[in-house]
Amino acid sequence: MHVIEARELTKVYGRGENRVEALTGVNMNVEPGEWIAIMGPSGSGKSTLMNLIGLLDRPTSGSYTLDGRDVFRLQDSELARARRDLIGFVFQSYNLLPRESALKNVELPMVYAGVGRKERRKRALGVLETVGLAERAHHRPPELSGGQMQRVAIARALINRPALLLADEPTGNLDTVSGAEILDLFEELNASGVTVVVVTHDAEVAARTRRVVELRDGRIVAGEPSEVV
Amino acid sequence: MGKMLRIAGMSLSGLMVNRGRSALSMLGIVIGVFAVILLTSLGNGVQEAITGKLTGVGSNLLLISPGNSEAQGDGPLAARSASTLTREDVEKVRSLPTVAAASASVPTAALVGTKTIPMTGVDPSYAQIRSVDLAAGRFVEHSGEVVLETAVAKDLLKSGPKDAVGKTLKIRGKSYEVVGVLEVVEPAFGPPVPETSYMITNDALALSGAGNVGQIVAEARSAGSVDRAAKEIGARLKSAHGGTEDFNVETQKDLLSVFTLATDLLTILLGGIASISLLVGGIGIMNIMLVSVAEHTREIGVRKAIGATDTDVLFQFLFEALLLTLIGGLAGIGLGVGVSALLPEINPIIPTSVTGTSIVLAFGVSALVGLVFGVLPAYRSARLEPVKALRRE
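Listed in order, the protein sequences are those of chains A and B.
Heads up: the first sequence begins at 1 in the numbering used here, then just goes up one per residue.
Heads up: the second sequence begins at 1 in the numbering used here, then just goes up one per residue.
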């Protein structure tokens with residue numbers, strides 16, 4: 001079973017003269033345990049593709065199956081639950097809640113999933129341990145370095161054991177050393193079985209992955225066998 | 001349940017971050033609820049003061065007025081000119097077993113020198129029935145005696161109450177001895193205690209040239225027999241008047257209900273005025289919540305990206321508005337109850353009475369204000385699209 005199975009995904013913004021086709025008939029399969037980069041220059045449609053894959057936005061047409069579920073026709077609330085249970089997001093600017101401790105930030109997705117307090121704490125500490133930040137659990141984001149904040153964000157993304165870890169330019173705000181450490185972490189996670197998709201324009205980041213899907217002008221131009229079929 | 005509690009916790013920490021701003025927007029609700037509590041407590045206080053005074057005057061009191069006749073309008077003139085009550089009626093009322101005492105009441109005016117003073121002709125028992133207080137002397141008992149108001153005594157005789165007693169007045173050529181001077185009547189709520197001087201009924205009738213008495217006041221034997229006395233008086237007078245009911249028998253209860261209606265209206269009016277400030281406070285809450293939602297757009301996007309549903313976000317901001325108004329409401333209630341308790345200490349004339357109903361109402365209304373004015377901002381936050389919300393810096 002594919003983690004992602006996208007067929008003829010098309011996204012159109014605006015109408016009439018302002019009509020822009022950001023994505024045109026994209027087909028894409030991602031298998032469990034893959035470690036993929038989606039690459040392309042700005043304006044290539046990679047952000048649009050990430051938003052569609054991450055269920056943050058709806059396609060204009062096409063079909064999309066995530067972890068065996070047809071998510072195309074889901075209601076807003078069902079989409080929210082699918083994001084919660086199936087996807088872990090990692091953003092370029094971390095997007096942590098600045099007033100809450102690292103621990104509370106990691107617990108947040110479990111709050112929405114309705115997990116009890118003790119269980120939340122136990123699991124959050126466990127995942128913080130995995131990303132190597134157990135001793136920083138009670139620090140707030142402003143007291144952490146960029147690399148540490150991104151580790152907290154990754155812990156938060158992993159907490160509900162998602163089918164897919166989706167990262168948008170995860171090293172974009174980091175120095176080379178911290179960036180490399182984050183990529184090391186992704187590699188470790190992938191080795192332990194987590195499916196990782198990284199959206200980036202950085203060739204060095206892409207070089208660390210096992211497969212690179214290249215986008216140009218809203219179409220996949222390389223790295224996707226199903227596109228050729 | 002635990003999830004909702006945690007979301008409410010988020011709302012609370014959201015308020016704590018902007019403590020100053022939260023407190024300021026809460027102030028609107030505090031003042032609104034405070035005003036509602038205080039003003040309704042004043043309204044209730046006035047009502048209780050009136051009720052208290054009325055029962056103090058004597059709940060045994062019965063007033064028989066001429067009525068249902070051709071005369072229209074109120075006041076002594078209308079009553080006198082059209083009065084259907086006679087001196088014999090007074091005797092009949094007095095002779096009833098349920099009636100302890102009865103007196104005529106003949107409103108007239110007396111010309112003393114160049115001055116006209118209001119004068120009422122009554123029977124000696126009037127002093128007891130209406131609890132008339134005297135500053136000096138005694139109440140009228142015989143023809144040729146008058147009891148004056150303090151102001152009238154001072155004006156006519158140029159003397160204080162004590163010195164006035166024993167002096168003589170000439171009214172229409174007839175001499176009257178001043179046997180007493182009335183206590184100055186404190187301005188207070190209660191049935192109309194007329195500002196007038198008193199003489200014996202027959203003297204007043206002779207003076208005014210009227211044949212009938214203006215009004216009969218009677219006292220029932222006990223508070224419990226008031227209704228029976230009213231019925232007996234009604235039946236007795238009806239048969240005496242040849243079967244026509246050309247009079248009204250009013251009891252204290254009737255008077256009370258009139259005043260209660262008036263003060264109820266007063267309370268509602270005051271409460272209504274105060275509600276306007278509560279409304280303004282609510283708009284303040286809505287304003288601050290809209291700002292809060294706008295400020296947290298990106299955070300809302302993040303929450304949605306990691307799995308918060310529209311409902312989760314809606315509740316977070318709705319709770320925030322509710323917390324603001326409920327905390328503000330509690331503070332307002334505390335302040336209102338406190339000031340209500342303090343006011344009579346400062347000036348005993350100001351009557352206040354906080355009722356449980358007004359507290360529950362104020363609390364309920366402030367919760368409602370939070371809901372109503374919180375819904376729009378909360379709904380706006382819930383409908384934010386995650387993609388757009390995340391893009392916001």
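Quick reminder that beta carbons are idealized off the backbone N, C-alpha and C, glycines included.
At least 8 angstroms separates the beta-carbon of V127 (chain A) from that of L97 (chain A). Contact between the region 244 to 258 of chain B and the region 90 to 100 of chain B is not established, with fewer than three Cβ pairs separated by less than 8 angstroms.
When the Cα atoms are used, R140 (chain A) and N105 (chain A) turn out to be separated by approximately 9 angstroms. Contact check for I200 (chain B) against G121 (chain B) passes: the beta carbons are separated by less than 8 angstroms. Selection B:G9, B:A100, B:T51 evaluated against E232 (chain B) yields B:A100 as nearest (Cα-Cα).
Following the DSSP letters along the chain, one finds E214 (chain A) inside the beta strand (DSSP E) bounded by residues 211 to 216. Secondary structure note for D203 (chain B): its alpha helix (DSSP H) is the uninterrupted segment 201 to 208. Taking a Cβ-Cβ threshold of 8 angstroms, the residues of chain B close to R81 (chain A) are G307, T309, in chain order.
Take Y94 (chain A), set aside five residues on each side of it, and the residues of its chain with a beta-carbon closer than 8 angstroms to its own are P141, G146, M149, Q150, V152, A153, N173, in chain order.
Per the coordinates, the alpha-carbon of T86 (chain B) lies some 17 angstroms from the alpha-carbon of L62 (chain B). Segment contact: the region 123 to 139 of chain B against the region 100 to 115 of chain B, three or more CB-CB distances shorter than 8 angstroms; contact assigned. If you compare the alpha carbons of B:K167, B:T352, B:G144, B:E250 with that of L205 (chain B), the shortest gap goes to B:G144. Cβ contact annotation for V339 (chain B) (same chain, cutoff 8 angstroms, sequence separation greater than five): F34, L38, in chain order. A Cβ-Cβ distance of about 6 angstroms is found for the pair A110 (chain B) and L207 (chain B), placing them in contact under the 8 angstroms criterion.
In this structure N160 (chain A) is buried. Its beta-carbon is surrounded by 16 or more other beta-carbon atoms within 10 angstroms.
Under DSSP, T200 (chain A) forms a beta bridge with A:M39.
Assignment of K158 (chain B) by DSSP, reduced to helix, strand and coil, places it in the coil class. Within the region 3 to 14 of chain A, no residue places its CB atom closer than 8 angstroms to a CB of chain B. Closest by C-alpha distance to L182 (chain B), out of B:T168, B:S197, B:K174, is B:S197.
The C-alpha of H2 (chain A) lies about 30 angstroms from the C-alpha of E119 (chain A). For S47 (chain A), no beta strand (DSSP E) run applies; the uninterrupted alpha helix (DSSP H) run containing it begins and ends at 46 to 53, by DSSP. Burial check for Y13 (chain A): the Cβ neighbour count within 10 Å stays below 16, so the residue is exposed.
In this structure the region 293 to 313 of chain B does not lie against the region 349 to 357 of chain B, because fewer than three pairs of beta carbons, one per stretch, are closer than 8 angstroms.
For K11 (chain A), the secondary structure class from DSSP, reduced to helix, strand or coil, is strand. Within the region 106 to 136 of chain A, the residues whose Cβ lies closer than 8 angstroms to any Cβ of chain B are, in chain order, L108, P109, V111, Y112, A113, G114, G116, R117. Here I87 (chain A) is not near P32 (chain A), since their CB atoms are 8 angstroms or more apart. Straight-line measurement puts the Cα of D175 (chain A) at about 32 angstroms from the Cα of G14 (chain B). At a cut-off of 8 angstroms, the C-beta of S353 (chain B) has no neighbouring C-beta in chain A. Scanning B:H296, B:I129, B:V147, B:R130 for the CA closest to the CA of G137 (chain B) turns up B:V147.
Bridge pairing for K122 (chain A): absent [DSSP]. For L97 (chain A), the nearest beta carbon of chain B is closer than 8 angstroms to its own beta carbon. For D168 (chain A), the enclosing beta strand (DSSP E) begins and ends at 164 to 168.
Ranking B:G364, B:G243, B:I306 by CA distance to the CA of L108 (chain A) puts B:I306 first. In the structure shown, the three-state DSSP call for K170 (chain B) is strand. In the DSSP assignment, N248 (chain B) falls within the unbroken beta strand (DSSP E) covering 247 to 251.
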